[in-house]
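The structure under discussion appears below in the form of structure tokens.
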Amino acid sequence: LYVLTYPESWTLASDTCGSVFLPKNYEGGTYDKKVSENLDYLRDRLASYPETPTEGYSYMTAYFDSDGDLDVNYNNGILASYVFNVPSGMAIGDTADFGIIYDREGDFILAEEGDRFTYLKFDVVGATVTMNCEHASTHEVLVEDATCGADGSKNVVCDACGSVVDTIVLPATGAHTYVDKVTDATCLVDGSKYKECSVCGDRTAVETIPALGHDMAFVETVPASCTAGGYDLYRCTRCDAEEHRNETTILDHTPGEPVVTPATCTEDGKSVVSCTVCETELSTDVIPALGHDWDDGVVTAPTCEEAGYTTKTCKRCDETMIVDPVDALGHEMAVTEKVEPTCTTDGKIVRTCSNGCGKTETEVLTKLGHAYDGGVVTTEPTCTEKGVVTYTCARCGDTYTEDIDALGHAYDDGVVTTEPTCTEKGVKTFTCARCGDTYTEDIDALGHTWDEGTVTTEPTCTEKGVKTYTCTVCEEATKTEEIAALGHKWDDGVVTKKATETETGVKTYTCSVCGETKEETIPVVKPETKPSTPANNGDNKSPTTGDNMMYIVIALVAVVLTGATVIVIRRRRENH
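Residues in the sequence shown are numbered consecutively from 2, following our numbering.
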């Protein structure tokens, strides 16, 4: 079994299965009968595939030579051609894979170039399709500017696919442009100087500037103390480096009087001896903490909500501690006030603690709300005025009212009280059957009805005519309409003056309607061209190209002048 595979996004436009190739032993139209039968069998198979094969469709059944009578011949084969529609989403550079799958011992295998199955050889053509670009339109992109010592370049890029089509070399600009570069020497570090190209960065050989060394100067004498020795201080005038000279030894500490920090109930005290010069601590003695000295305490009695206890206080530091706790008594609530609710106000129940702590609790009794009846109509509605219905509470006698919508007018179909005319509107009056109120509406004017019209002024060749229309209803109103001028009707014309080689002629035309005339200029007659006189040497010469051009220009000028003259004459007559 042979199977064609292609991407789902591709659609098949057309397909063609070609002819079966003949075996090698075919000569002059004769070949082995067995081979002939087999080839006919394959042709019949090819004729059975559907008009529109789908993905994975087997377009032919493999031929198996079970008897082994058909010699192996790789020149035998079947060609199939498929044309696909490219998906709209494909871009330049995208690829799509196609292939043939064949059945080998029950497994479908993707065919590769040169695969053999039974007595057939696969030559897979066009297995992968790549979308290419013709690079019809391009633009240039600078890659690197040229410098004085190196070439630059720019790419020619396709506008459609972005591929680099070509690279253009930009030649080097020429000689270097050097500027001086100097690094000054310091006391300890050498300096340098060289020249550097301001375009490409090329450098000349570096020249070393030796280090300067320190320039030391006396600053001050620092005396010795019990924390450090003394010395003469010298400092460099260039870099602030320092140097100690004439150093002396450190001095002994000078003990002062002990500084005592007394002990407290919870913290140790101490006695510290320090140097009177540098304040360094020379010795420290610890004084143990004293501990608390509690009094007999103060008793706090329990209340309804707070527990009772005894508070003891230290006689030295005033720190306190709580001992001997007693539980809170708790509230004993009793009703002390009750107010019943009404239709519009809430009631309440008030409870107070009987232990005398002053705590109270209030329970709200929700107001009852009104109990209104079904309502009574106290004012009847009319066509234009609202009515009123009144509702009364059965519990407290409170009332409220609601509007009843006005009934609205009940107008009849109306009566024409003023008939309309061609130019004036009419009037229609409508009356309410309930209260007699009225209103009116306009009736559109009828408008004129014009007859077919009568020509009151006949048109001429140059003047417009007039047609008048009269209204058939009121027989008074009229309107007019212009009739276009007839225009002249010229005859074929008569030559009243013949043209010559030096003067133009005249042709006169007459209008068959009004008898008016107009003239047209006839161009001068072109002279006949005669052969040029032979030269003494017997050679014949034709008119030069320059002579011919001169005659052509003269003829064109004459035609233009004639046309302009006719136009001027015609406009003058039309204006008169």
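No residue lacks a Cβ here, since even glycine has one placed at the ideal position from N, Cα and C.
For residue i: DSSP bridge partner residues
| i | result |
| --- | --- |
| T304 | BP columns for T304 are empty, so no partner. |
| K527 | DSSP output for K527 lists no bridge partner at all. |
| S272 | V261 and D286 |
| V581 | Given that the chain is displayed from residue 2 to residue 577, the structure contains no residue 581 and the question cannot be resolved. |
| G15 | Strictly speaking, residue 15 in this sequence is Ser, with Gly absent from that position. Paired residues: V84. |
| H245 | L234 |
| S513 | Per DSSP, none; premise fails for S513. |
| Y179 | C198 |
| F219 | Y235 |
| E442 | K429 |
| V299 | T312 |
| D404 | V389 |
| M334 | C354 |
| Y412 | C433 |
| G192 | I210 |
| D98 | T129 |
| R204 | E197 |
| T518 | T511 |
| G466 | I484 |
Residue nearest to residue i in terms of C-alpha spacing, selected from the options
| i | options | result |
| --- | --- | --- |
| D443 | T457, C433, G466 and G415 | G415 |
| I578 | D296, S10 and K498 | The structure shown does not extend to residue 578, since the chain spans only 2 to 577, so no value can be given for it. |
| V456 | K468, A151, H293 and T312 | K468 |
| R396 | H254, T174 and P342 | P342 |
| A290 | E280, C266 and T312 | C266 |
| L213 | D191, C227, E333 and D146 | D191 |
| G1 | K339, G202 and E306 | Past the edges of the chain, shown from 2 to 577, lies residue 1, and the structure says nothing about it. |
| D492 | L143, E517 and T505 | E517 |
| C315 | P303, G292 and V327 | G292 |
| V278 | H254, T285 and D294 | H254 |
| E477 | G466, T450, A486 and E502 | T450 |
| N247 | P256, G257, D241 and V223 | V223 |
| D152 | C162, L171 and L143 | L171 |
| G270 | E280, G257 and T285 | T285 |
| G437 | T383, T6, D452 and E425 | T383 |
| Y401 | D374, G94 and E244 | D374 |
| Y412 | E420, T393, T432 and T424 | T432 |
| F99 | E268, C201, E9 and G506 | E9 |
| D445 | P460, T424 and V300 | T424 |
| V466 | T129, S199 and E483 | Here residue 466 is Gly; the residue named in the question, Val, does not match the sequence. Cα-wise, what sits closest to G466 is E483. |
| E504 | V514, Y7, T511 and K527 | K527 |
| T6 | P88, S89 and T129 | T129 |
| A176 | K194, E280, G202 and G359 | G202 |
| A229 | D241, E243, T249 and A242 | T249 |
| A242 | E280, K155 and D216 | D216 |
| E268 | R317, T131 and A434 | R317 |
Cβ-Cβ distance between residue i and residue j below 8 Å
| i | j | result |
| --- | --- | --- |
| H140 | V166 | no |
| P259 | I288 | no |
| T422 | C475 | yes |
| A225 | I251 | yes |
| A407 | T379 | no |
| R239 | C188 | yes |
| I350 | K339 | yes |
| V417 | E403 | no |
| V525 | T501 | yes |
| E464 | A486 | yes |
| N133 | T12 | no |
| T441 | K429 | yes |
| C462 | G427 | no |
| T304 | K313 | no |
| C162 | I93 | yes |
| V84 | A137 | no |
| N308 | P326 | The sequence given here places Ala at residue 308; Asn does not occur at that position. The answer is yes: Cβ separation under 8 Å. |
| T353 | M334 | yes |
| S164 | T178 | no |
Presumed contact (8 Å Cβ cut-off) between residue i and residue j, rounded CB distance
| i | j | result |
| --- | --- | --- |
| V261 | S272 | 5 Å |
| G494 | T509 | 6 Å |
| A147 | T174 | 5 Å |
| V579 | D347 | The question about residue 579 has no answer here: the residues shown for the chain are numbered 2 through 577. |
| D399 | H371 | 6 Å |
| K196 | V183 | With 8 Å as the limit, K196 and V183 do not qualify as a contact, their Cβ atoms being about 10 Å apart. |
| G454 | Y470 | 4 Å |
| L283 | P256 | 6 Å |
Interface flag, residue i vs chain E, CB-CB below 8 Å
| i | result |
| --- | --- |
| V389 | Here chain E cannot be found, since the structure has a single protein chain. |
Closer than 7 Å: residue i CB and nearest the ligand COA heavy atom
| i | result |
| --- | --- |
| T184 | Annotation note on the ligand COA: not contained in the displayed structure, which lists no ligands. |
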